[in-house]
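Its first residue numbered -5, the sequence shown is counted upward by one per residue in my numbering. Quick reminder that beta carbons are idealized off the backbone N, C-alpha and C, glycines included.
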Amino acid sequence: MNFLFDLIPTLIVLGLLILIHEFGHFLACRLSKVRVEKFSIGFGPEIFHIQGKETRYAISLFPLGGFVKPAGESISEIEGEIPQPGDYLAASVWKRIFIVVAGVLMNYLLSFVLFVTIFLMGRPMPLAQVGGFVEGYPAESSGLAKGDRVLSLNGMPVHSWEDMIEALSQVLSPEAELGIERENKLTVVRVPIKVESVKDVFGKTHQIPRIGILPDRTAFEIERLSFFPAVKEAAITEVHLAAMTYKALFYLAAGRLSLKTISGPIGIMTMTGAAAKMGIVYLLHLMAVLGISLAVINLMPIPALDGGHLVFLLIEAVQRRRVSLEFQERATQVGFGLLMLLMVFVIYNDLVNLNILSKIKSALGQ
């Protein structure tokens, strides 16, 4: 049953992301006067389809992707090997570039709209209230108690848990002075600082000051923004996440970040199921983040991805002659094969990270 609770929201989220991405390609084809033969959500055998006037709309068996099939996409499809009006190859190079990048643009647009919606609906912001202690850290024996509300740290006003983390990161003294509220009374508690060397996801070491308190998960407030601040915050958030994703991909390519950090479909399903249980805001946030990731990955210069097609089109735009279609098709087949190998790896990685393989072995008595 838990599997279904994770699977259903995952199919909805991934289905919407894929639908929006492919709709971008579809809309760009229509705007560029290029006929679309097929619009499919998923790959493989069709489960369901509707035949339109010129486009076949289908849902296929394997939901990890989708595609839009323009007419006249390769010379072998064109009678007489001369592209006709309405064929993809008959469109100008700039129209074809527009068609290729339109899916990514739609993913970015969707994520932006989702972030605006989240900021308008309101985010649950954990308050700076003590919910517990980390064993072996200074706060455990400092005089702090569960339920204490932190109002200031070394003179800096504190309201949310995020405020407190930010204030703590700026402490240079060997102890932090916390102004707290306890049972409607104000008092001051001094807590020694423990500085630790911590590596971030990119492997860079940081000196992090810690005192060892945990947030009270029941103490939070809803932070809502008006429209224009929500738009501004959504834009900042989207640019930051896109930059972080590109940085992560660069570190992966340079060997400075392990491939084991990548989540595959099983990991995404687990995260989506957890987000759905936490509430609609968390699910929308995860969907927005996944949309940005999908956009960034699709623009990678790998044949079979939009970024690979974009590279060929940019070369054509610069040298004013088309890269051999035969070469493009072979490169796309190689790129697709590499992506399938990567998919196998990340699925195996999910099975290891989520201890699924260990559970299977235990169930089999091995």
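ask   = Does the beta-carbon distance from K188 to I174 come in below 8 angstroms?
value = Residue mapping note: residue 188 aligns to position 194 of the sequence shown, counting from 1. Residue mapping note: residue 174 aligns to position 180 of the sequence shown, counting from 1. No. Outside cutoff.
request  = Hey, could you find the ends of the alpha helix (DSSP H) G301 is sitting in?
outcome  = Counted from its first residue, the sequence shown places residue 301 at position 307. From DSSP, the alpha helix (DSSP H) with G301 extends over D300 to Q313.
inquiry  = Tell me the rounded alpha-carbon separation between D0 and L8.
reply    = The residue labelled residue 0 in the question sits at position 6 within the sequence shown. The residue labelled residue 8 in the question sits at position 14 within the sequence shown. A direct Cα-Cα distance of roughly 12 angstroms separates D0 from L8.
key: Close beta carbons around Y102, own chain, < 6 angstroms, minus the five adjacent residues each side   = Residue mapping note: residue 102 aligns to position 108 of the sequence shown, counting from 1. So the list reads A289, once near-sequence residues are dropped.
Status (buried if at least 16 other CB within 10 Å, exposed otherwise) for T4 = Position 10 of the sequence shown, counted from the first residue, corresponds to residue 4. It is buried - the Cβ of T4 has at least 16 other Cβ atoms within 10 Å.
query = Can you tell me where the beta strand (DSSP E) with R117 in it begins and where it stops?
reply = Within the sequence shown, residue 117 is the residue found at index 123, counting from 1. Element bounds for R117: R117 to P120.
ask   = At a cut of 8 angstroms, does the stretch 234 to 243 reach the stretch 148 to 165 through at least three beta carbon pairs?
value = Pairwise C-beta distances place the stretch 234 to 243 out of contact with the stretch 148 to 165, as fewer than three of them are shorter than 8 angstroms.
query = For A52, which beta-bridge partners are listed by DSSP?
reply = Counted from its first residue, the sequence shown places residue 52 at position 58. Answer by DSSP bridge pairing, in chain order: S34 and H43.
message = Run through the DSSP bridge pairs and tell me what E169 is partnered with.
response = As a position in the sequence shown, residue 169 is number 175, starting the count at 1. According to DSSP, E169 bridges with P186.
query = Could you give the residue range of the beta strand (DSSP E) that holds I285?
reply = Locating residue 285 in the sequence shown gives position 291, where the first residue counts as 1. Note that residue 285 is Gly in the sequence shown here, rather than Ile. Per DSSP, G285 belongs to no beta strand (DSSP E); it is in the alpha helix (DSSP H), I274 to N292.
message = Taking the beta carbon of H279 as the centre, do at least 16 other beta carbons fall within 10 Å, making it buried, or is it exposed?
response = Taking the sequence shown and counting its residues from 1, one reaches residue 279 at position 285. Taking all protein chains shown into account, H279 has 16 or more neighbouring C-beta atoms within 10 Å of its C-beta and is therefore buried.
Own chain partners of V98 with C-beta closer than 7 angstroms, once the 5 adjacent residues on each side are dropped = Within the sequence shown, the letter at position 104 stands for residue 98. Within its own chain, the residues whose Cβ lies closer than 7 angstroms to the Cβ of V98, once the five positions on either side in sequence are excluded, are A289, N292, L293 and D300, listed in chain order.
key: Separation of G60 from I14, as counted between CA atoms   = The residue labelled residue 14 in the question sits at position 20 within the sequence shown. The residue labelled residue 60 in the question sits at position 66 within the sequence shown. Put simply, the backbone Cα of I14 is about 10 angstroms away from that of G60.
query = Smallest Cα separation from V338: which of F321, S257 and M272?
reply = Here the question's residue 338 lines up with position 344 in the sequence shown. With distances taken between Cα atoms, V338 lies closest to S257.
query = What are the complete alpha helix (DSSP H) segments, minimum 4 residues, inside the stretch 62 to 143?
reply = List check, alpha helix (DSSP H) in window: 87 to 115.
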